[in-house]
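Note that UniProt numbering numbers the sequence shown so that position 280 is 280, with each residue one more than the last. The C-beta atom is built at its ideal place from N, Cα and C for all residues, glycine as well.
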Amino acid sequence: MKGAIFLILVQAITKGFTFVSNQLLLRSITPEVFGVAAYFEFIVKSVLFFSREAERMSVQRINEDNPQDTHRAVVNFAYLPFLLSWPVLGLVHAMQRSSDIYTSTICSLPNFQWLLAILVLLVEIELLAEPFYSLSQFDVNLKLKSKAESLAVFMKCIVTFVAILFISSLSKSKVTPVMAFALGHLAYSSTFYFVYWRNNNKGYPTISTLRSGTYLNQKVLPIWRSFSLQMILKHLLTGGDTLIVSYFFSASELGAYSVISNYGSLLARLLFQPIEETLHVSMAKMFSGKDKNYKESYASMKALTIFYSNLCSLVVLGGYSNGSFMLFTVLGSSSTWQKSDVFSVFPYYILYIPFMAANGIFEGFFSSVSTHQQIGRFSMFMSLLSIAVSTLLYVLIGKLHMGIIGLIISNIANMVLRITYCLLFMRLFYKDKVNVNLWELMKRLLFPIVLALTAYAAQYTIIGGLMTSTLKEFLISLALCCLSLFGNLWNERALIKSLLSPNLKE
């Protein structure tokens, strides 16, 4: 628990710093430039995700006969992302060459080959840090992770901001601010690698054979293969919205959607992501040995689900009503952004956040405790789901021309189906092992939702609408959110008291 709290605090500081720097940048660049930068960031994240995500989820299950062999197995697996990244880079580049944004915008940038070279370099530098990272995560060294990520984010913001201010004064080309974003990400990767390398006290991790005579743990290898396939499908379903935008929308539209998703998912990256990472590590450790503690894991998942239900009801209550007003205040009176549809679409993205949050913890639980066969069945489900979601996207965007709102609707449908699958898995997983009081749980989950709907009704009565547009209306909505918060705290006072008890085991 302390590790998760520490991660959240560090995330709050780094995201706050990123938030401030982004405000200064967004006021000085156009949606088209921001769209190109967001496109490059999507490519980098895709390559990193395809290369290393399966390895990160698999190594937590390694359990050799002695600690030294276990660390060797972790290091050997951690070099797979670097090797895989080269064919992944080639495949992603080949797929993107036919996208609208690549052919109409990227290729028209002067010396865009230098941009591509920087992207390749920063990806490989970050993947070379994977052996250090995997060992640190396996030993649950969350402080080092927080230190590396916070310093890397700090350097990224500084380099990007300085590059845009000073390099842009020398050239008015569109490639200049895009190059600044690329240099900022290069600073992130370099700092991330340096911090892990500097804090490593076990010598440089190298590939070596295990006592079994193999390089890779044979029990974890099939799990890694299954996760690799699952991660491809997961990324297409999770990041498919940006992929669709890059193929069918212009750079300006991509820039608008990037602003919406960046601000909308700020809470997810700030709070939900550290919790999901801690959950994954703790559950994997809890079920990797012979003794499996079902009651403790269920109690953790129950408390986490109740917490998410309370928090997400407040997010929707405050975000949907005040999202456009707050975003307009943040972006200022910049004419370049007023011409876009970011303000009208942003509240709808807020409705997507609870589904994204719930999917994060339930899929995190599934990936931590599932067997090789169960992962295979889930991959088949994801394959069918990708077809269904792609069809829905085609109808909403291609036929009904719903644009970004169509993307949001398809994302919600995607998350609902994945959450349903994981909940059914949890029901079977705990069957005959834990006594579940479903009625008591449903009452606690529905209370914050009913309270939020009541607050909406009160707000509509007072200001005559669900969305705010003035400071007075915003303050009224804020007061109703605070009342809802106090109501949720009162309803869960017993849970809060138990969590604050000194007898609680960390």
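Determine the closest residue to residue i out of the options, with distance taken between C-alpha atoms.
i, options, result
"Ala-358", "Ser-368, Ser-379, Leu-423", "Leu-423"
"Ala-54", "Glu-41, Ser-379, Thr-468, Ser-386", "Ser-379"
"Ser-469", "Asn-201, Asn-414, Ser-324", "Ser-324"
"Ser-313", "Asn-437, Glu-276, Pro-448", "Pro-448"
"Pro-67", "Ser-309, Tyr-257, Leu-210", "Leu-210"
"Ile-101", "Ala-37, His-372, Ile-118", "Ala-37"
"Pro-81", "Ala-129, Phe-249, Leu-119, Glu-64", "Ala-129"
"Asn-491", "Ala-388, Val-369, Ile-306", "Ile-306"
"Ser-258", "Trp-197, Thr-278, Glu-41, Lys-295", "Glu-41"
"Ser-150", "Asp-69, Tyr-204, Leu-270", "Leu-270"
"Lys-443", "Asn-310, Asn-141, Phe-486", "Asn-310"
"Ser-85", "Ile-125, Thr-70, Ser-108, Asp-65", "Ile-125"
"Asp-139", "Thr-278, Leu-471, Phe-425, Thr-206", "Thr-278"
"Asp-432", "Gly-184, Lys-295, Asn-199, Leu-254", "Lys-295"
"Thr-103", "Ala-152, Ser-250, Leu-183", "Ser-250"
"Ile-29", "Pro-205, Thr-329, Leu-83, Phe-161", "Phe-161"
"Gln-218", "Trp-439, Tyr-39, Glu-64, Leu-446", "Glu-64"
"Ala-117", "Tyr-133, Ser-390, Asn-141, Gly-90", "Gly-90"
If we call anything under 7 Å between Cβ atoms a contact, is residue i one with residue j?
i, j, result
"Ala-148", "Val-195", "yes"
"Leu-412", "Phe-355", "The residue you asked about is not Leu; residue 412 is Ile in the sequence shown. Yes, Cβ-Cβ distance for Ile-412 and Phe-355 is below 7 Å."
"Ala-479", "Leu-317", "no"
"Ser-252", "Gly-35", "yes"
"Tyr-320", "Val-434", "no"
"Ile-164", "Ala-180", "yes"
"Phe-287", "Val-369", "yes"
"Ala-455", "Ser-484", "yes"
"Glu-276", "Gly-403", "no"
"Ile-397", "Tyr-348", "no"
"Val-33", "Pro-131", "no"
"Ser-99", "Val-220", "no"
"Ser-226", "Gly-376", "yes"
"Ser-410", "Leu-233", "no"
"Ser-208", "Arg-418", "no"
"Ser-46", "Val-74", "no"
"Phe-474", "Asn-262", "no"
"Ile-496", "Ile-476", "no"
"Thr-191", "Ala-152", "yes"
Put residue i into one of helix, strand or coil per three-state DSSP.
i, result
"Cys-107", "coil"
"Val-162", "helix"
"Gly-465", "coil"
"residue 507", "With the chain covering only 1 through 506, there is no way to say anything about residue 507."
"Lys-431", "coil"
"Met-380", "helix"
"Thr-371", "coil"
"Pro-354", "helix"
"residue 566", "No statement about residue 566 is possible, as the shown extent of the chain runs from 1 to 506 and does not include it."
"Leu-400", "coil"
"Glu-64", "coil"
"Lys-219", "coil"
"Val-33", "helix"
"Ala-129", "coil"
"Leu-495", "helix"
"Lys-292", "coil"
"Thr-391", "helix"
"Ile-260", "helix"
"Arg-97", "coil"
"Glu-506", "Confidence is the limiting factor: at Glu-506 the pLDDT is only 40, short of 50, which leaves the residue's position unreliable, though a coordinate-based value still follows. If DSSP states are grouped into helix, strand and coil, Glu-506 belongs with coil."
"Val-436", "coil"
"Phe-249", "coil"
"Tyr-79", "coil"
"Ile-409", "helix"
"Phe-362", "helix"
Assuming residue i contacts residue j (C-beta within less than 8 Å), just tell me the rounded distance between them.
i, j, result
"Ala-268", "Ile-361", "Actually they are not in contact, since the Cβ atoms of Ala-268 and Ile-361 sit about 11 Å apart, beyond 8 Å."
"Ala-96", "Ile-43", "According to the sequence displayed, residue 96 carries Gln and not Ala. Indeed they touch by this definition, with Cβ atoms about 7 Å apart."
"Leu-122", "Ser-189", "4 Å"
"Val-342", "Ala-256", "5 Å"
"Arg-61", "Ile-223", "6 Å"
"Ser-367", "His-280", "7 Å"
"Phe-77", "Leu-216", "6 Å"
"Leu-127", "Arg-52", "6 Å"
"Tyr-421", "Phe-381", "6 Å"
"Gln-137", "Lys-145", "7 Å"
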